[in-house]
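Notes follow the structure.
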């Protein structure tokens, strides 16, 4: 018994890790409790840490500081790798408009927080923590705390953590209440919004279809498949040819004859072009593949092929087989000669049945290989991120140079690496499961440390006037998103998209879960993912900026 007392009341590394593990365990369980379809999620770990610190948990502050910083780095790095591939594409088409709304929400919250500090007399560390909690942005808190430590104010870093903890609950609940308020304010009917979204989606979506084309254009008679591919490369992927009721693989040197039928894959918006160039097109034509031909799916796990185009890989040159579709992250891609194949893609191949083993071996098709941890690029990315985050940025008017810090540096590097996919022989692919594991581990470690380091004075701070912090946080949460929601709706934006924008701009997964429960479509998640990368970057940068311009 004495052994356990010594372990629980000591200040050794073992005691610190013990309380970290207990905090994480209890916090994750708390986060799973659901009330009216709302869960705290990973934020339950923060309140678990506050509780254990309040009842006297002992820990080594140096160990806690290291674990907190390392957890934050893991979290933001995993986020960056995850959002990097779509970061640039978020600014295309409607994405620019969605991001402008999100930026407006971020900047207006920042301005309100600044005004509370400059004209309301609220302590800069407190208001920065409140701002991060009000918008449920943990990396922003980490950036602010690091800035405070570098300014020689470690005690204020703990105060910022308390401000975050006080504001966070309404940050979660307030966002959902705002979504509900907008719905009733504009008398929105979800069924109508759903129909409107589906209607516009069907008009704009480039859906892939199997096609059957009877060659009637005399200009194509006597032409080799290699020539045909160059003519219609962006519009059709050829899988096989039918001639006199016999099917052939569409090999490069096969010559078309009058009456031949081409079977392949095209997008619905390209069908008319095919009719003009080739002949009569039947959508969803004969799909049965029999005899010596077969259709099969292969998982791309050969790292030597990742990042190469269909033309560079050249399956169609070495085998009587063609790649007809690429499946990536739930999306179907029409594989033109210039289309890049990435690690983890699933490709559909049509070709000679007896060539199946050879094609599979060349492309990989090894789940075990794909699941193997790719750790070297992770630590390389973290190394580069810390260097970048430590570079001082001199901005006129600031009392000290700004830095991207432990949060911003790794995040920016991870976004760039995720977007590039690879540099030389290093690929930065992380399986979804591995990415989620790194992300969850990082945020749980970070929030455990924040809760334990801030909880000792949390209740006393709340009793001494901390309830006013809740009010400050509520204003920072509510005002920007209700204004953005009203403006977006007046501009006739779909309500489901507005829900996604607000959830993404506030980096709030519980709000996204609530929004997704409204209708079984991807409008909410797509808008969330579109604005999330830029929002996350701005939240981290502005949290640090608020510290530097108010101290």
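In the numbering used here, the protein residues as written are 7 to 557.
C-beta: ideal position from N, C-alpha, C; glycine also.
The structure presented is a predicted model; accordingly, all values stated were derived computationally and were not measured.
Closest option to residue 384, judged by alpha-carbon separation, among 60, 85, 31 and 18: 85. Under a 10 Å Cβ-count criterion, residue 172 is classified as buried, with 16 or more other Cβ atoms of the shown protein chains found around its own Cβ. Beta-bridge analysis with DSSP links residue 285 to 221.
Around residue 429, the same chain offers 423 as residues with beta carbons nearer than 8 angstroms, after the five sequence neighbours per side are excluded.
Following the DSSP letters along the chain, one finds residue 248 in no alpha helix (DSSP H) but inside the beta strand (DSSP E) bounded by residues 243-249. Residue 150 and residue 163 have their C-alpha atoms spaced approximately 8 angstroms apart. In the structure shown, residue 88 adopts helical secondary structure according to DSSP, grouped into three states. By the Cβ test, the stretch 102-112 is in contact with the stretch 537-546, since at least three Cβ pairs between them sit closer than 8 angstroms.
Closest in C-alpha terms to residue 328, from the list 459, 176, 235 and 454, comes 235. When C-alpha distances from residue 357 are compared across 244, 87, 449 and 521, the shortest belongs to 244. A contact between stretches requires three or more CB pairs, one per stretch, nearer than 8 angstroms, and the stretch 474-483 meets this requirement with the stretch 136-144. Under DSSP, the beta-bridge partners assigned to residue 215 are 272. Counting every other CB atom within 10 Å of its CB across the protein chains shown gives residue 514 a total of 16 or more, marking it as buried. A contact is defined here as three or more CB-CB pairs under 8 angstroms, and the stretch 261-280 meets this definition with respect to the stretch 215-222. Counting along the chain, no beta strand (DSSP E) covers residue 476; the unbroken alpha helix (DSSP H) around it starts and ends at 473-496. In the structure shown, residue 380 falls within a coil segment according to DSSP collapsed to helix, strand and coil.
Residue burial annotation: residue 534 is buried, with at least 16 other C-beta atoms found within 10 angstroms of its C-beta. With at least 16 other beta carbons inside 10 angstroms of its own, residue 550 counts as buried. Between residue 540 and residue 59, the gap from beta carbon to beta carbon reaches 7 angstroms or more.
Approximately 7 angstroms separates the beta-carbon atoms of residue 353 and residue 347; this is inside 8 angstroms, confirming the contact. Short of 6 angstroms from the beta carbon of residue 518, and not among the five residues preceding or following it, lie these beta carbons of its own chain, in chain order: 509 and 534. Nearest in C-alpha terms to residue 319, of all of 334, 54, 267 and 343, is 343. Membership of residue 434 in any beta strand (DSSP E) is not indicated, and neither H nor E is assigned to it by DSSP. 228 is the residue among 258, 280, 232 and 228 whose C-alpha sits nearest the C-alpha of residue 264.
The beta carbon of residue 323 is closer than 8 angstroms to those of 258 in its chain, skipping five residues each way along the sequence. The continuous beta strand (DSSP E) containing residue 357 extends over residues 352-358. In terms of Cα proximity to residue 250, the closest of 237, 380, 242 and 266 is 266. By the criterion of at least three beta-carbon pairs nearer than 8 angstroms, the stretch 357-367 is not in contact with the stretch 410-421. A straight-line Cα-Cα distance of about 29 angstroms links residue 370 and residue 238. Per the DSSP secondary-structure output, residue 229 pairs with nothing in a beta bridge. For residue 302, the enclosing beta strand (DSSP E) starts and ends at 299-305.
Contact between residue 282 and residue 241 fails: their C-beta atoms lie close to 10 angstroms from each other, not under 8 angstroms. Spanning the alpha carbons of residue 498 and residue 181 requires a straight line of approximately 21 angstroms. As the crow flies, the alpha-carbon of residue 158 is around 10 angstroms from that of residue 152. Just so you know, the alpha carbons of residue 116 and residue 331 end up roughly 45 angstroms apart. Residue burial annotation: residue 246 is buried, with at least 16 other C-beta atoms found within 10 angstroms of its C-beta.
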